[in-house]
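Residue numbers are given in numbering that gives the first Met the number 0: position 66 of the sequence shown equals residue 65, and the series is strictly consecutive. Presented below is the structure to which this report refers.
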Amino acid sequence: MYKLNMTDSEKLPFLKYISQGVKQIECRVATDYVRNLKAGDILKLESNSGNFVLCEVTHLNFYKNFEDMLKNEGFKNAIPFASSFDEALGIYKKFKGANRVADLGCYAIGIKCLKSSIKEQ
0 MYKLNMTDSE KLPFLKYISQ GVKQIECRVA TDYVRNLKAG DILKLESNSG
50 NFVLCEVTHL NFYKNFEDML KNEGFKNAIP FASSFDEALG IYKKFKGANR
100 VADLGCYAIG IKCLKSSIKE Q
């Protein structure tokens, strides 16, 4: 099983949307760890609060930048609560380590939620 830390808050409710099956793409900088993922692998995305989702990786697509990723994968699949492409792109560019995408590229990781600690409200 692979594990990645996940930003999750009231303002950025990523885990909620993954658990509902609405967020179907997780984008990550193309580090060596992420490059090792394959379709069929189990991925645990966990927040600092301890909430998590277990997902099956459905596919991986490499992109040179966030713009190409959001255009090809659909910004609503990556950030369902964004009201526009530009808003979604702005959210990605603010993430810690986002500047590394210029050198390494990024992966759109297709995800399907298998289990979640998120309680529906």
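Positions of the beta carbon are idealized from the N, C-alpha and C atoms, including for glycine. Remember, it's a predicted structure, so these values are computed and weren't measured experimentally.
Spatial distance of residue i from residue j (CA atoms)
{"i": "LYS37", "j": "VAL56", "result": "7 angstroms"}
{"i": "ILE110", "j": "LEU53", "result": "9 angstroms"}
{"i": "PHE13", "j": "ASP102", "result": "26 angstroms"}
{"i": "GLY49", "j": "THR30", "result": "24 angstroms"}
Beta-carbon gap between residue i and residue j smaller than 9 angstroms
{"i": "TYR131", "j": "ALA97", "result": "Residue 131 lies beyond the stretch modelled for the chain, which goes from 0 to 120, so this question has no answer here."}
{"i": "GLY89", "j": "VAL28", "result": "no"}
{"i": "SER46", "j": "MET5", "result": "yes"}
The beta strand (DSSP E) enclosing residue i, as first and last residue numbers
{"i": "PHE51", "result": "51–62"}
{"i": "GLY109", "result": "105–115"}
{"i": "LYS2", "result": "1–4"}
{"i": "VAL28", "result": "24–28"}
Residues of its chain near residue i, where Cβ-Cβ distance is below 7 angstroms and the 5 sequence neighbours each way are ignored
{"i": "GLN23", "result": "ASN76, GLY109, ILE110"}
{"i": "GLN120", "result": "Residue placement at GLN120 cannot be trusted, given a pLDDT of 46 that sits under 50; what the coordinates show is reported in the next sentence. There are no such residues."}
{"i": "SER18", "result": "VAL52, CYS112, SER115, ILE117"}
Proximal residues to residue i (C-beta, below 6 angstroms), its chain only, five neighbours per side dropped
{"i": "GLU86", "result": "none"}
Cut-off 8 angstroms between Cβ atoms - residues of its own chain near residue i, not counting five sequence neighbours on either side
{"i": "ASN71", "result": "ASN60, TYR62, ALA107"}
{"i": "PHE84", "result": "LEU69, LYS70, PHE74"}
First through last residue of the alpha helix (DSSP H) which encompasses residue i
{"i": "LYS92", "result": "84–93"}
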